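Line by line, the protein sequences give chains X and U.
Per numbering that gives the first Met the number 0: the first sequence = residues 0 to 87.
Per numbering that gives the first Met the number 0: the second sequence = residues 0 to 120.
For every residue, glycine included, the Cβ atom is placed at its ideal position computed from N, Cα and C.
Computed from a predicted structure; not experimentally measured.
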Amino acid sequence: MNSALETCLNVASGGEILLIEDAVYAATIGSAFEARLREALGKFKIYVLQPDLDARGMGDRLIAGVTTVDYGGFVDLTITNNSCQSWL
Amino acid sequence: MSEIKKFMFVNRKAPYGTIYALESLEVVLITAAFDQDVSLAFVDDGVYQLKKGQQTKGIETKNFSPTYRALEDYDVEKLYVMKESLDARGLSEDDMVVPVTVLSGAEMGALMDQQDVVLSF
Numbered sequence: 000m001n002s003a004l005e006t007c008l009n010v011a012s013g014g015e016i017l018l019i020e021d022a023v024y025a026a027t028i029g030s031a032f033e034a035r036l037r038e039a040l041g042k043f044k045i046y047v048l049q050p051d052l053d054a055r056g057m058g059d060r061l062i063a064g065v066t067t068v069d070y071g072g073f074v075d076l077t078i079t080n081n082s083c084q085s086w087l
Numbered sequence: 000m001s002e003i004k005k006f007m008f009v010n011r012k013a014p015y016g017t018i019y020a021l022e023s024l025e026v027v028l029i030t031a032a033f034d035q036d037v038s039l040a041f042v043d044d045g046v047y048q049l050k051k052g053q054q055t056k057g058i059e060t061k062n063f064s065p066t067y068r069a070l071e072d073y074d075v076e077k078l079y080v081m082k083e084s085l086d087a088r089g090l091s092e093d094d095m096v097v098p099v100t101v102l103s104g105a106e107m108g109a110l111m112d113q114q115d116v117v118l119s120f
């Protein structure tokens, strides 16, 4: 896992965070990122892309408080937020 | 017939996010077709490749996890998973889609030392 999410959480002052592709592992119970993510839930609304979670067989271990969205929900997030930043 | 060599494929990446996991599987099958002594190691995020319950319809990508179950038909039966990697991801042997041998890092290292060829993905 790279440092993209760690840096995102350290830099962001507000807004919403959507975890896609391999980033969805960070929102699963037992991951090395679990504590950091739970802490971040107090500050940000955090979403994961459900199809990416399902593809990886992790749908049953999502950390409580994280919201799932489908592709339509992904589009909605790009509209309801002023700008969209990708943390590659 | 040329001599049989011991090949180990070391998988350290999660499936789907990159092409490495699928490419490794392709090369494993090719190597097995040449009647070589093949073993697979799953380390770090590579253990996610074997997670049960993968459903890829939503991302319109081929779910290749059932292929691990077919490996025994190619006489590929040595699958090793590193315990530390499972633990760090909240996973256990029961979460694996196929029977595996769980090894410590030290045991995995010893096994790597016995190989003629180690290929990393």
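- Taking the CA atoms as reference points, V26(U) sits about 15 Å from L78(U).
- Interface flag for Q49(X) against chain U is set, since a Cβ pair is found closer than 8 Å.
- Between V101(U) and V80(U) the beta-carbon gap is near 5 Å, inside 8 Å, which marks them as a contact.
- Runs of the alpha helix (DSSP H) lying entirely within the region 21 to 107 of chain U and spanning at least 4 residues, in chain order: 64 to 69, 82 to 86.
- Just so you know, the alpha carbons of T67(X) and D21(X) end up roughly 15 Å apart.
- Look at A3(X): its C-beta is not under 8 Å from any C-beta on chain U.
- Taking the Cα of E59(U) as reference, the smallest distance to any Cα among G58(X), S82(X), V23(X), D53(X) is reached at D53(X).
- Taking a contact to require three or more Cβ pairs closer than 8 Å, the region 31 to 46 of chain U and the region 1 to 10 of chain U qualify as touching.
- Rounded to whole angstroms, Y67(U) and L49(U) show a C-alpha spacing of 8 Å.
- For K50(U), the nearest beta carbon of chain X is closer than 8 Å to its own beta carbon.
- Non-local C-beta neighbours of L39(U) in its own chain, meaning closer than 6 Å and more than five positions away in sequence, comprise F8, L78, ordered along the chain.
- For E38(X), the nearest beta carbon of chain U is not closer than 8 Å to its own beta carbon.
- Under the three-state reduction of DSSP output, V65(X) falls in the coil class, being neither helix nor strand.
- Interface residue (Cβ-Cβ distance to chain U less than 8 Å): G29(X) is classified as such.
- DSSP places L87(X) outside any alpha helix (DSSP H), giving it a letter other than H or E.
- Rounded to the nearest angstrom, the gap between the Cα atoms of D74(U) and L24(U) is 14 Å.
- The beta carbons of I28(X) and G89(U) sit about 5 Å from each other, so the pair counts as a contact at 8 Å.
- With a cutoff of 8 Å on beta-carbon distance, A87(U) and Y24(X) are scored as not near each other.
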